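In our numbering, the protein residues as written are 445 to 519.
Even glycine gets a Cβ: it sits at the ideal position worked out from N, Cα and C.
These numbers were taken from a predicted model, which means no experiment stands behind them.
Working notes, structure below.
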């Protein structure tokens with residue numbers, strides 16, 4: 445992959461410029477272990493955001509279901 449393709453992939457994965465710069469600094473320094481660690485940390489952040497969004501969806505689903513039962517499905 446070219447550097448441009450890697451940058452595009454990292455941006456598509458939601459990495460900001462700081463994360464991308466840290467990733468390439470690690471790669472340029474020959475520290476592949478650190479580069480992978482940077483990507484794993486970003487993945488963890490995305491997973492936390494996913495779980496937070498999922499919790500919000502569950503709360504909304506509960507509220508809608510409860511409201512429908514209390515109001516005869518007329519919201």
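In or out: residue 482 buried (at least 16 other Cβ within 10 Å) or exposed? Numbered from 1 along the chain shown, position 38 holds the residue referred to as residue 482. Residue 482 is buried by the Cβ-count criterion.
Could you tell me the boundaries of the alpha helix (DSSP H) in which residue 470 lies? The residue labelled residue 470 in the question sits at position 26 within the chain shown. Looking at the DSSP string, the run of the alpha helix (DSSP H) that includes residue 470 is 461-472.
Contact set for residue 478: own chain, Cβ-Cβ below 6 Å, skip 5 residues either direction: By 1-based counting over the chain shown, the position of residue 478 is 34. Once the five neighbours on either side are set aside, the close Cβ partners of residue 478 are 470.
Enclosing alpha helix (DSSP H) for residue 505 [first to last residue]: Position 61 of the chain shown, counted from the first residue, corresponds to residue 505. Under the DSSP assignment, residue 505 falls in the alpha helix (DSSP H) whose first and last residues are 476-514.
Should residue 486 and residue 459 be called a contact, given that it needs their Cβ atoms to be closer than 7 Å? Taking the first residue of the chain shown as 1, we reach residue 486 at position 42. Taking the first residue of the chain shown as 1, we reach residue 459 at position 15. Yes. Within cutoff.
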